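A short write-up of the structure that comes next.
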Amino acid sequence: GIEAADIAVITPYVEQKRAILDKLRANAYGPAEQVIFDTIDSFQGKESWIVVIDLVRSDRGRIGFIRDQKRANVAI
260 GIEAADIAVI TPYVEQKRAI LDKLRANAYG PAEQVIFDTI DSFQGKESWI
310 VVIDLVRSDR GRIGFIRDQK RANVAI
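Start counting at 1 in the sequence shown, then tack on 259, and there's your number in this note's numbering.
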C-alpha cells in the first residue's frame, strides 16, 4: 500500500513550502512529518508514487515561476 513516505508535495517557492509545513505542524497532522515537502527545483530528478503540485499566484496575478516552460516541465 501507499504510505506517507511515498507522497511528495512540491511548490515553486521556498516560502510557500515553509508556509505549508508551518500550517500542517500547527494543526498537528502526524503523517505530514513523513511526507516529502520540497521545491520544484530541488525535487528535480526524484520521484514518489504520489506527487501533489502546489501552484501559487503572486505579484498581482503574474505567473512568474511557471511561465518558464522548462520549469513547468520539471514540475509535471
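C-beta atoms are modelled at their ideal positions from N, C-alpha and C, and glycine is treated no differently. The model shown is predicted, which means the values in this text are computed figures rather than measured ones.
Test item: CB-CB of residue i and residue j under 9 Å
i, j, result
"I266", "I299", "no"
"I279", "T270", "yes"
"V268", "V310", "yes"
Residue i - partner residues in DSSP beta bridges
i, result
"I279", "DSSP, once it has assigned bridges, lists no residue as partnering I279."
"A267", "I295, V310"
Same chain only: Cβ atoms within 7 Å of residue i, ignoring 5 sequence neighbours per side
i, result
"Q275", "D313, V315"
"F302", "A267, I269"
"L273", "As written in the sequence, residue 273 is Val, which differs from the Leu given in the question. Correct list, in chain order: T298."
For residue j and residue i, the rounded distance between their alpha carbons
i, j, result
"D281", "Q293", "14 Å"
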